[in-house]
Amino acid sequence: MFRGHFQHAVDEKGRVAVPNPFRGALSGLQDERLVATKFWMRDHRCLDVYPLSAWKRIEERVRSMDPFDEDVVSFCNLYVAPAQELPLDSQGRILIPPLLRDHAGIKRDVTITGDVDKFRIWDRQVWQEVLADDERRAREVFRRFGR
Numbered sequence: 256m257f258r259g260h261f262q263h264a265v266d267e268k269g270r271v272a273v274p275n276p277f278r279g280a281l282s283g284l285q286d287e288r289l290v291a292t293k294f295w296m297r298d299h300r301c302l303d304v305y306p307l308s309a310w311k312r313i314e315e316r317v318r319s320m321d322p323f324d325e326d327v328v329s330f331c332n333l334y335v336a337p338a339q340e341l342p343l344d345s346q347g348r349i350l351i352p353p354l355l356r357d358h359a360g361i362k363r364d365v366t367i368t369g370d371v372d373k374f375r376i377w378d379r380q381v382w383q384e385v386l387a388d389d390e391r392r393a394r395e396v397f398r399r400f401g402r
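First residue of the sequence shown: 256, per this note's numbering; consecutive thereafter.
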């Protein structure tokens, strides 16, 4: 559903355009509401952005967990609590709230990456660091397989 990566800019109001292929996927779901939340990959921060229907599946899974389990509480505090619904405007943009922009270090230039059932929004420089790190990791895996 969400694949590829795209370069965009955040405007002075904190809005960013959702890439056209992603808008097409959302249209196919007949749901143009999104939910964004904080995410971390190793030491790098970004935003996870879900179609509302996919986010509701996460909420259902959380409901099935023990609400007194400290790990579940931590997950909810860090992933569920900061989640915010972001409707698409008529020009296909979302407004990223300051709390989420600050978490991901987003100022202006971003890279939006597909991740199958969701997409991620990265500060462009952070994305370059993640790619460089992943390239080193992938080369090591290829070496193990004799390639």
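Here a beta-carbon is modelled for each residue, glycine too, at the ideal position from N, C-alpha and C. Only a predicted model underlies this, so the values are computations on that prediction, with no experimental measurement involved.
**OP:** At 3 residues or longer, and completely inside the segment 309-385: list those beta strand (DSSP E) runs for me, N to C.
**Re:** 339-342, 348-350, 364-370 and 373-378
**OP:** Quick one: give me the first and last residue of the alpha helix (DSSP H) that Phe277 is part of.
**Re:** Asn275 to Leu284
**OP:** Can you check DSSP and say which residues form a bridge with Ala272?
**Re:** Arg348
Subject >> Supposed close pair Phe294, Leu302 - CB separation, criterion 8 Å >> reply: 6 Å
Original post:
When the Cβ atoms of the segment 257-277 are set against those of the segment 342-360, are three or more pairs found closer than 8 Å?
Top reply: yes
Original post:
Taking His263 as the reference, which of Val381, Arg375 and Val365 has the closest Cα?
Top reply: Among Val381, Arg375 and Val365, the Cα nearest to that of His263 belongs to Val365.
Subject >> CB of His260 within 8 Å of CB of Gly369, strictly >> reply: yes
Original post:
For the putative contact between Val304 and Phe374, defined by C-beta atoms under 8 Å, what is the C-beta separation to the nearest angstrom?
Top reply: Indeed, because the Cβ distance is near 5 Å, the residues count as touching under 8 Å.
Subject >> Span separating the alpha-carbon of Ala291 from that of Asp321 >> reply: 24 Å
**OP:** Under 8 Å by Cβ, that's how I've got Arg288 and Pro342 pegged, so tell me the actual separation to the nearest angstrom.
**Re:** Between Pro342 and Arg288 the Cβ distance is about 5 Å, and since that is below 8 Å, they are a contact.
Original post:
Under three-state DSSP, which class holds Val290?
Top reply: strand
Original post:
Which term fits Leu354, buried or exposed, when burial requires 16 or more other beta carbons within 10 angstroms of its beta carbon?
Top reply: exposed
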